[in-house]
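Chains as they are written, first to last, in my numbering: chain P, 1 to 225; chain S, 1001 to 1356.
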């Protein structure tokens, strides 16, 4: 999974994104999407932040969720709308072009059972990551779930070396062509915990791809009144 | 070009190595953390400035604000590490990024007013009406060169005043050094493979020399950017290379240096005009290599005269080349089409969308 940096390259040609992701993950990407979606309770009302071409979104819909997918790229959303035309038509999926900071004025506090954010943090600065966690905390209802999945630097030194070796050529190529790159994120569980989420746990992934979930503390009715 | 590069600023003195690296690799973005920077001890009416998150620019602006000794806030917008003008003309420093700078910094809670001072060259990308309707903040454009900020704050703040972009010789030398990387590399590496290490190094040096000289001569060139400049330069340098190679001896050297000279001349002349939004679209050939600018290639503004507000001169003032004027009927008119650089600032800033 050292190849997520390549996404930045693929994003510039949104129509090739799905094909590229399938090739880079050697066909495992669908399984990864399913694993990420499995961290969200079945049947939830979910906000999929950075839904892209709708990979994880499709897996969420398969779990019976009602999904609002947002992405900052109109091209990616157009592909998602085409692939997921049926759930859009029957109202199980809503797609909106919004970036991270625009969520604040679009959705009220506690609008969702769960917020899911896959392969977005690696494109964000630390300031934006902190903002995102705070915002996700606001968007889920008390007791709701926040799931963040992303490329991480492996913990063991040997794995880290192999990972960096495999990633470097792809990162260089992507950087030369698009002059952008992604940064594997460190401390995903800590980031969620410092954003006020509890029961933060790693819900799966590999040594270089981590799925982390946390829960917004449920308040007693008395405390809400 | 980032603003404020016309003198050796405190930013360069404070970090000479970093500044030098960023000068040589000017075509690459250097991103810093977006968000809030605090200068002095700002109160609830302190001015709020906004800039891009290109490291070089943030250091320049910070140095000027420190030198001014004012208490203020600086919001660094997430523009992908790209400088103000390139980012705004390329769609990476627009309303979305200003909104992000406001939200990420939490500035709403820190001051009582709602007035942002933006760099003038963000005007091609930022729509002040849209910023206001989304965030409640009012956009005010400051001067083009951040070095002029103290004077603008004293004399004009918060008024929009006419200001034009200038590329003095010093700035052009900087641009020439930054722009030399691609031609020097693209010619130097093959030259080293074919002719050996010394040939490669000599080609790289030649690339830097040609690039800087071209930059210095640029405003005085008789031909238009693109092929009209590239072909004569390639021919001239090709001939010079052939002569030099022949003097050094051998057919191989003659052909090799003719090729090096021609390639270097062509690449420098084609690439340099795209070093500011000034001529990206006029030069047209390499447009596909650069992030799409908001304006289509060869764009010239046309004014919808009935819609144009009599006597409103926002576009006249905001044009970085002074190419628009008010005519006898107090309507905006493009008076200098050759001077227009298709930057889109007039289209973006027209309060009644009368320019397209």
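For glycine and all other residues, C-beta sits at the position ideal for the given N, C-alpha and C.
Remember, it's a predicted structure, so these values are computed and weren't measured experimentally.
Within chain S, the residues placing a beta-carbon under 7 Å from that of residue 127 of chain P are 1033, 1034, 1035 and 1104, ordered along the chain.
Under the Cβ distance rule, residue 1100 of chain S counts among the residues neighbouring chain P, one pair being separated by less than 8 Å. Under the three-state reduction of DSSP, residue 206 of chain P is assigned to coil, being neither helix nor strand. The three-state secondary structure of residue 166 of chain P, taken from DSSP, is helix.
Close partners of residue 1078 of chain S in chain P (Cβ separation under 7 Å): 125 and 128. Residue 1113 of chain S is classed as exposed because its beta carbon has fewer than 16 other beta carbons within 10 Å across all chains shown.
Spatial neighbours of residue 1317 of chain S in its own chain (CB-CB distance under 8 Å, excluding positions within 5 residues in sequence) are listed in chain order as 1160, 1161, 1162 and 1163.
Buried is the label assigned to residue 1052 of chain S, since at least 16 other Cβ atoms lie within 10 Å of its Cβ. Along the stretch 84-108 of chain P, the positions whose C-beta sits under 9 Å from a C-beta of chain S are 99, 100, 101, 102, 104 and 105, read in chain order. Under the three-state reduction of DSSP, residue 1344 of chain S is assigned to coil, being neither helix nor strand. Your pair residue 1180 of chain S and residue 1207 of chain S checks out as a contact, with CB atoms roughly 5 Å apart and the cut at 8 Å. Scanning P/58, P/102 and P/87 for the CA closest to the CA of residue 71 of chain P turns up P/102. For residue 1339 of chain S and residue 1322 of chain S, the gap between their C-alpha atoms comes out near 8 Å. Secondary structure at residue 1197 of chain S: helix, using DSSP grouped into helix, strand and coil. According to DSSP, residue 117 of chain P shares a beta bridge with P/49 and P/148. In chain order, 33, 34 and 37 place their CB closer than 6 Å to the CB of residue 59 of chain P, counting only its own chain and leaving out the 5 sequence neighbours on each side. For residue 1139 of chain S, the three-state secondary structure derived from DSSP is strand. If you check the CB distance, residue 1227 of chain S and residue 1262 of chain S do not come in under 8 Å. By the rule that beta-carbons nearer than 8 Å mark a contact, residue 131 of chain P touches chain S. The beta carbons of residue 136 of chain P and residue 129 of chain P sit about 11 Å from each other, so the pair does not count as a contact at 8 Å. Distance from residue 1125 of chain S to residue 1348 of chain S at the Cβ level is roughly 7 Å; contact confirmed, criterion being Cβ atoms closer than 8 Å. In the structure shown, residue 79 of chain P adopts helical secondary structure according to DSSP, grouped into three states.
By DSSP's assignment, residue 1031 of chain S forms a beta bridge with S/1054. Residues of chain P whose Cβ lies closer than 8 Å to the Cβ of residue 1353 of chain S do not exist; the shortest such Cβ separation is about 21 Å. With a contact defined as Cβ atoms closer than 8 Å, residue 1037 of chain S and residue 1111 of chain S miss out at about 14 Å. For the C-beta of residue 1096 of chain S, the chain P residues within less than 9 Å are, from N- to C-terminus, 72, 99, 101 and 102. The shortest C-alpha to C-alpha distance from residue 144 of chain P to any of P/200, P/155, P/93 and P/92 is the one to P/200.
For residue 1255 of chain S, the enclosing alpha helix (DSSP H) covers residues 1251-1271. Of the candidates S/1216, S/1120 and S/1205, the residue whose Cα lies closest to the Cα of residue 1172 of chain S is S/1216. Membership of residue 1218 of chain S in any beta strand (DSSP E) is not indicated, and neither H nor E is assigned to it by DSSP. Comparing alpha carbon positions, the residue from P/64, P/96 and P/90 closest to residue 49 of chain P is P/96. At the C-beta level, residue 1144 of chain S and residue 1296 of chain S stay beyond 8 Å of one another. Close CB contacts of residue 1084 of chain S within its chain, under the 8 Å cut and outside five residues either way in sequence, are with 1002, 1003, 1051, 1052, 1054, 1057, 1093, 1119, 1121 and 1122 (chain order).
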